[in-house]
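Data first, discussion second: the structure below is written as structure tokens.
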Amino acid sequence: MSLTRTQRLRQALAGERAVMAPGVVDAMYARLVAEAGFEAMYMTGAGTSATRLGYPDVGLLTMTEMVDNATRIADASDVPLIADADNGFGGPLNVRRAIQLYERGGVAAVHLEDQVLPKRCGHLAGKQLISAEDMVAKVKAAVDARVDENFVVIARTDALALHGRNAAFDRAEMYREAGADVVFIESPGPNDLPHIARRFPGIPLLYNMATSGKTPFLKRSEIEALGFKLIIYPNWLLLSACEAARRTLEVLKNEETIASIAPNVMSFKEFFDMARMPEIQELEARYGTPEENRTSY
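Counting from 23, one number per residue, gives the positions in the sequence shown under the numbering used here.
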């Protein structure tokens, strides 16, 4: 019997190597990550807000919008999905419902943060925290709410930037004791990184390779040596695509033709094959669609 996505993520986190999870914002990015052969992917909240609303990550998306996006991503690929669940969208009862919806949607893991409503991207200023006791209640609610015992609950603290290393470590320890499966200390700098694994032996640690540069851009081997087991790369694919789109628009604006761009982009067939065209063709044949009416190139 093949392993479920949650089991495969658990197995990967228990392995020797750190798990690399590229950031995705929609189903097509999930297809690209699957094609590239990664063992996990990460739904970025900032990227979801940017692509769905055209706004920064300042807590504007609702729980149902975030879950809907995560469900569509999970449905597009069998790669285990780790999803941003913000601050649980309210109190412990809101967290329970959020966990239940994410799990039903096929997500393998979520992370919850200890910010107030409205929240902020972890690498922006202006953050405020709830009490550590209130976050402990949310972590306990998340652990209680999951049906699949392999569903991974990641507890994030944003205390480092606001109150320093000791406060962040104290909070993270409380969240571990409350049942979190992974600890996520947001935005550590080079001076903080060597201390984290020494303080939290025996539990997987998350390294957030955010694009802000507050946390250094290290190699996987360097991150492993620091004791981290899960690395997320939130918006690198989206930023790469945005820059490529800008260049395409500039050429189109100046040359008034797409001719010089066409040889340098994914082909028509490659695009549709990425979007599971072979699967559609196989299903049409299986269910007896007349050959002349089947989808083809």
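For glycine and all other residues, C-beta sits at the position ideal for the given N, C-alpha and C.
Name, in chain order, the residues that DSSP records as bridge partners for residue 253. As a position in the sequence shown, residue 253 is number 231, starting the count at 1. According to DSSP, which records beta bridges pairwise, residue 253 is partnered with 42 and 229.
Quickly, what does DSSP pair residue 133 with across the bridge? List them, please. Your numbering for residue 133 matches position 111 in the sequence shown. Beta-bridge annotation (DSSP): residue 133 is paired with 106 and 176.
Looking only at its own chain, which residues have a Cβ that is under 8 Å from the Cβ of residue 317, when we skip the five neighbours before and after it? As a working note, residue 317 is residue 295 in the sequence shown. 299, 302, 303 and 306.
CB contact below 9 Å: residue 277 versus chain D: As a matter of chain content, chain D is missing from the structure shown, which is built from one protein chain.
What three-state label does DSSP hand residue 7 in the structure shown? Absent from the model: residue 7. The displayed extent of the chain is 23 to 319, so no value can be given.
Buried versus exposed call for residue 150 [16 or more other C-beta atoms within 10 Å across all chains shown]: Counted from its first residue, the sequence shown places residue 150 at position 128. So residue 150 counts as exposed.
Just to confirm, is the Cβ distance from residue 123 to residue 174 under 9 Å? For the purposes of this step, residue 123 is identified with residue 101 of the sequence shown, where counting begins at 1. For the purposes of this step, residue 174 is identified with residue 152 of the sequence shown, where counting begins at 1. Remark: C-beta atoms of residue 123 and residue 174 do not approach each other more closely than 9 Å.
Taking the runs of the alpha helix (DSSP H) that are 4 residues or longer, which of them lie wholly in the segment 113-163? 114-126
Which of the three DSSP states, helix, strand or coil, is assigned to residue 207? Sequence index remark: in the sequence shown, residue 207 carries index 185 (1-based). DSSP places residue 207 in strand when its eight states are reduced to three.
Go through its chain and collect everything with a Cβ distance to residue 114's Cβ below 8 Å, but skip five positions before and after it. Taking the first residue of the sequence shown as 1, we reach residue 114 at position 92. 159, 160, 162 and 163.
Where residue 51 falls: helix, strand or coil (DSSP): Counted from its first residue, the sequence shown places residue 51 at position 29. Helix.
On the DSSP bridge list, what partners appear for residue 63? Reading the sequence shown from its first residue, position 41 is the one you call residue 63. Bridge partners of residue 63: 103.
Run through DSSP, which three-state label would residue 28 get? Position 6 of the sequence shown, counted from the start, is the residue given in the question as residue 28. Note: residue 28 maps to helix in three-state DSSP.
Could you compute how far the alpha carbon of residue 16 sits from the alpha carbon of residue 73? Examination of residue 16 is not possible in this model, given that the chain is present from 23 through 319 alone.
Where do the N-terminal and C-terminal ends of the alpha helix (DSSP H) with residue 93 fall, by residue? One-based indexing of the sequence shown puts residue 93 at position 71. Residue 93 -> alpha helix (DSSP H) spans 85-97.
Using the three-state DSSP reduction, which class does residue 192 fall into: helix, strand or coil? Numbered from its first residue, the sequence shown carries residue 192 at position 170. Residue 192: helix per DSSP, three-state reduction.
Just how far apart, CA to CA, sit residue 63 and residue 271? As a first step, residue 63 must be located in the sequence shown, where it is residue number 41. As a first step, residue 271 must be located in the sequence shown, where it is residue number 249. Going by the C-alpha atoms only, they are around 29 Å apart.
Can you check which of these residues, 76, 131, 100 and 84, is closest to residue 252 by C-alpha distance? Stepping through the sequence shown from its first residue, residue 252 is reached at position 230. The candidate whose alpha carbon is nearest that of residue 252 is 131.
Just the Cα atoms here: how many angstroms apart are residue 118 and residue 283? Here residue 118 corresponds to residue number 96 of the sequence shown, with the count starting at 1. Here residue 283 corresponds to residue number 261 of the sequence shown, with the count starting at 1. Approximately 48 Å, taken between the alpha carbons.
Measure the alpha-carbon distance for residue 85 versus residue 278 and round it to whole angstroms. Here residue 85 corresponds to residue number 63 of the sequence shown, with the count starting at 1. Here residue 278 corresponds to residue number 256 of the sequence shown, with the count starting at 1. In a straight line, the C-alpha of residue 85 is about 42 Å away from that of residue 278.
In or out: residue 241 buried (at least 16 other Cβ within 10 Å) or exposed? Within the sequence shown, residue 241 is the residue found at index 219, counting from 1. Flag for residue 241 reads exposed.
Where residue 93 and residue 121 are concerned, what is the direct C-alpha to C-alpha distance, given to the nearest angstrom? Numbered from its first residue, the sequence shown carries residue 93 at position 71. Numbered from its first residue, the sequence shown carries residue 121 at position 99. Cα to Cα, residue 93 sits roughly 12 Å from residue 121.
Collapsed DSSP secondary structure at residue 77 in the structure displayed: Against the sequence shown, residue 77 aligns to sequence position 55. Note: residue 77 maps to coil in three-state DSSP.
So, is residue 200 buried or exposed, given that buried needs 16 or more other C-beta atoms within 10 angstroms? As a first step, residue 200 must be located in the sequence shown, where it is residue number 178. Looking at its Cβ environment, which holds 16 or more other Cβ atoms inside 10 Å, residue 200 is buried.
Give every residue of the same chain whose Cβ lies closer than 8 Å to the Cβ of residue 28, excluding the five residues on either side of it in the sequence, and list them in chain order. Numbered from its first residue, the sequence shown carries residue 28 at position 6. Once the five neighbours on either side are set aside, the close Cβ partners of residue 28 are 102, 130, 131, 170, 172, 173 and 174.
What's the C-alpha gap between residue 215 and residue 248? The residue labelled residue 215 in the question sits at position 193 within the sequence shown. The residue labelled residue 248 in the question sits at position 226 within the sequence shown. Going by the C-alpha atoms only, they are around 7 Å apart.
From 137, 255 and 46, residue whose alpha carbon lies closest to that of residue 156: Indexing the sequence shown from 1 puts residue 156 at position 134. For residue 156, the closest of 137, 255 and 46 by C-alpha to C-alpha distance is 137.
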